[in-house]
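Enquirer:
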Amino acid sequence: MKDKLDITIKVADIAPLGMSVTLKGEEDIRLAEYYVNLAWKKWMQSKRADQESKDILGMVAIHFTKLYIQELRKNESAAKMLGDFEKKLDELLNGIS
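Residues in the sequence shown are numbered from 0 upward in steps of one, following numbering that gives the first Met the number 0.
Listed below in structure tokens is the structure:
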């Protein structure tokens, strides 16, 4: 059985994009395609006269990248908090013996 799947996605008004993804990854790619297109269509409705589709697509890319960075920071913060908790717990448990 093939562990990669060849798919085509359509983003904004650019040419269809072909890619190879894992079977498990297809759902995430399709969801990403959906949300990028949703944001692009919404922002295209309120774009300024001097803005082109590619400008809006760039703004969508920045928006989703900002969200990604915010999640990275949350994960880093949670990892630090768990590390600190583990260290304190070790100190407490070692002090009991």
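Ideal Cβ placement from N, Cα and C applies to all residues, glycine included.
If we ignore side chains and look at the alpha-carbon of each, how far apart do W39 and A77 end up?
Expert: Cα to Cα, W39 sits roughly 32 Å from A77.
Enquirer: According to DSSP, is L22 helix, strand or coil?
Expert: Coil.
Enquirer: Do L71 and A11 come within 8 Å of each other at the CB atom, strictly closer than that value?
Expert: The answer is no: Cβ separation not under 8 Å.
Enquirer: Select from Q44, K87, V59, D89 the residue whose C-alpha is nearest the C-alpha of E32.
Expert: The candidate whose alpha carbon is nearest that of E32 is V59.
Enquirer: Is it the case that the Cβ atoms of E25 and I8 are separated by a distance below 8 Å?
Expert: No.
Enquirer: Rounded to whole angstroms, what is the Cα-Cα separation between F63 and L92?
Expert: Going from the Cα of F63 to the Cα of L92 covers about 43 Å.
Enquirer: Is K3 helix, strand or coil when you go by DSSP?
Expert: Reduced to three states, the DSSP call for K3 is strand.
Enquirer: With distances taken from CA atoms, which of L4, K46, I13 is nearest I28?
Expert: Minimum Cα distance to I28 is reached at L4.
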